[in-house]
Amino acid sequence: MKVFSVAGYHHTGKTTVSVELIKELRKRGFKVTSIKDIHNEDFTMEKKGSNSWKHAQASGDTVIARGISETYQIWNRQLSLNEMLSHLKSDYVVVEGMRSVALPRIICATDEEQLEELVDGTVFAISGKYSDEHDKYKNLKVFKSKDQIKELTDLVIGKVFPVLPLPKFECCGECGMNCREMVSGILAGRNIREDCKTDRNLDIKIKIAGKDINIVPYVQNTLKDIIKAYVKNLKGYRKGDSIDIKIRE
Ligand code: SF4
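Each residue of the sequence shown is one higher than the one before, starting from 1 at the first, in the working numbering.
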C-alpha cells in the first residue's frame with residue numbers, strides 16, 4: 001500500500017489538492033482511501049444526544065452505525081496511523097495532515113515563510129495557494145491543484161513507494177537512520193525501499209488477530225531463538241521443519 005501526505009497550515013488549499021488527487025488517481029483505476037486528520041478538540045462524528053451517540057457513549061469501544069446509503073464505524077479514541085492503515089486495502093492512501101509522520105509529502109502553503117518552516121527532504125512537491133503566483137520553490141516544482149493535477153498525479157505515481165512500517169518518531173534505527181531520513185533518502189534516490197530492514201521478512205512471522213505484525217529484526221531473532229530452544233526438545237521436532245504457534249486469550 002502506498003501512502004503519502006498532503007500537509008500544511010489551515011486555509012492553504014490542502015483539501016482541494018487532496019480531493020483532486022483522489023479523483024485523478026481513481027480515474028486511473030487505483031483504489032484510493034483518504035484519511036483526514038482533524039485538530040478540533042470538539043470534533044465528533046455524532047451529534048450529541050443522537051441514538052447512535054448514546055450507543056457510542058455506552059460502548060466505550062467500537063460502534064457501527066448503519067444507514068441506508070452509508071455505514072461507518074466509530075472508535076472511542078484516536079487511532080494511530082498504523083492502526084488505521086491495518087484496516088485498509090487500497091492502492092493509495094492520501095493523508096491530509098499529520099505533519100510529523102514518516103511519509104512522502106506534498107506541502108501546501110501560502111508563502112515562503114511557511115515553506116521555509118515545513119519543507120525538508122520528505123517533501124516531493126509544493127501546491128496549494130502558493131501555486132497562484134509561483135511555479136518553483138528552490139528545487140521543487142509547484143503545481144496548481146486544478147490545471148496541473150495530471151502532472152502532479154504522475155509525480156505521485158513516480159515517487160510514492162510502499163509505506164514504511166512507521167514506528168515511533170525515533171524508529172528502530174536498524175537501517176542506520178530514522179524513518180524520515182529513509183523517506184528523504186528514497187525520494188532523493190540515495191536509498192531504495194528495501195533498505196528498510198524492519199519489515200523485511202526474516203524467518204519468523206507474527207500475526208495478531210489475523211494481521212501481520214512488523215517487529216524489528218533484533219526482536220524477531222530473539223523470539224526465534226527462544227522458541228526454537230524450547231521446541232527442539234519436543235517429540236516430533238526435526239531440524240528444518242517450520243513451527244506454527246497459535247495463542248488464544
Ligand atoms: S529500518 Fe525501517 S523502520 Fe527502522 S528506522 Fe529504518 S526505515 Fe525506519
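Heads up, the beta-carbon is just placed ideally off N, CA and C, and yes, glycines get one too. Just so you know, these numbers come straight off a predicted model, no measurement behind them.
Check	Outcome
Sequence-distant residues of the same chain with beta carbon closer than 8 Å to Phe161, five excluded per side	Lys2, Pro104, Ile186, Arg193
Own chain residues within Cβ distance below 6 Å of Lys129, not counting five before or after	Thr12, Gly13, Thr110
Endpoints, the alpha helix (DSSP H) within which Thr15 is located	14–27
Rounded distance between the beta-carbons of Thr33 and Leu81, thought under 8 Å	Between Thr33 and Leu81 the Cβ distance is about 12 Å, and since that is not below 8 Å, they are no contact.
Span separating the alpha-carbon of Asp132 from that of Ile64	42 Å
Proximity winner among Gln73, Leu85, Gly173, Met45, relative to Lys211 (alpha-carbon distances)	Leu85
Separation of Asp244 from Arg238, as counted between CA atoms	14 Å
Nearest residue (CA-CA) to Lys246, options Lys207, Phe4, Asp91	Lys207
The ligand SF4 heavy atom lying under 7 Å from the CB of Glu174	yes
beta-carbon Thr198 near the ligand SF4 non-hydrogen atom, thresh 7 Å	yes
CB-CB length for Met177 against Leu164, believed under 8 Å	Actually they do not touch by this definition, with Cβ atoms about 11 Å apart.
Reduced DSSP secondary structure (H/G/I, E/B, other) of Gly158	helix
Rounded Cβ spacing between Val6 and Cys108 (contact assumed at less than 8 Å)	6 Å
DSSP three-state assignment for Gly185, whether helix, strand or coil	helix
Outcome for Ile22 when other beta-carbon atoms lying within 10 angstroms are tallied against a minimum of 16	buried
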